[in-house]
Amino acid sequence: MATDAYCRGQNVYRFCELIDPANPSYDPRYRDTIKRESKAWPKKAPESYPNIFKQAANLAEAAGRLVSAWWQGKPIGRSADEIARILMICAGCEHYDHAQNRCKKCGCFSKFKSRLQTEHCPLPEPKW
Ligand code: SF4
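Every number in this note's numbering is 298 more than the matching position in the sequence shown, counting from 1.
What follows is the structure, given as structure tokens:
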């Protein structure tokens, strides 16, 4: 993906591919056109974390699931391989905040959340 300023943060990846030298569709002739036209493109709002109340509710629900599983004698922890697999998925996810090692969808720290069998990816179609 091109990292030109006028591509970054824009919801115009198809066009940005055209000025990415690493992309098979690369054509430098598009550069001036995209630079000119991009001024009118809508800015994609940066993704933010859920508000603090939602994060607190998420944490309380996670604690409830954990206690419930423990109470029922179900296994709680994941294997090291499974944790590594999950962390790889999160690291490649568009919702992952690499600076804070957190998921922007739920606000959880993936390092901790991935360890619990009671927790899953919060997307409608979970990635793990
Ligand atoms: S938990 Fe799901 S949405 Fe969040 S960073 Fe990981 S894969 Fe992405």
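Built from N, CA and C at the ideal position, the CB exists for glycine as well.
Being a predicted model, the structure only gives us computed values, none of them experimental.
Taking the beta carbon of residue i as the centre, do at least 16 other beta carbons fall within 10 Å, making it buried, or is it exposed?
i, result
"ASN405", "Here residue 405 is Gly; the residue named in the question, Asn, does not match the sequence. With 16 or more Cβ atoms within 10 Å of its Cβ, GLY405 is classed as buried."
"LYS409", "exposed"
"THR301", "Note that THR301 has pLDDT 47, beneath the 50 cutoff, so the model's placement of it is unreliable and the number below is only indicative. Looking at its Cβ environment, which holds fewer than 16 other Cβ atoms inside 10 Å, THR301 is exposed."
"ARG334", "exposed"
"SER412", "buried"
"ARG327", "exposed"
"GLY307", "With a pLDDT of only 46 at GLY307, under the threshold of 50, the placement of this residue in the model should not be trusted; the figure read from the coordinates follows. Exposed: under 16 other Cβ atoms inside 10 Å."
Measuring alpha carbon to alpha carbon, tell me which residue in the options is nearest residue i.
i, options, result
"ILE381", "TRP426, ASP330, TYR328 and ARG329", "TRP426"
"GLY246", "PRO322, GLU423, ASN321 and THR416", "The displayed coordinates of the chain run from 299 to 426. Any statement about residue 246 would go beyond what the structure contains."
"CYS391", "GLU345, TRP369 and SER366", "GLU345"
"GLU423", "LEU414, LYS403 and PHE407", "LYS403"
"ILE387", "SER377, CYS401 and ILE374", "CYS401"
Could you check whether residue j and residue i sit closer than 8 Å to each other, using their CB atoms as the reference points?
i, j, result
"ILE332", "ILE317", "yes"
"LEU414", "LEU357", "no"
State the beta-bridge partners of residue i as determined by DSSP.
i, result
"PHE427", "Absent from the model: residue 427. The displayed extent of the chain is 299 to 426, so no value can be given."
"TYR394", "CYS401"
"LEU414", "GLY375"
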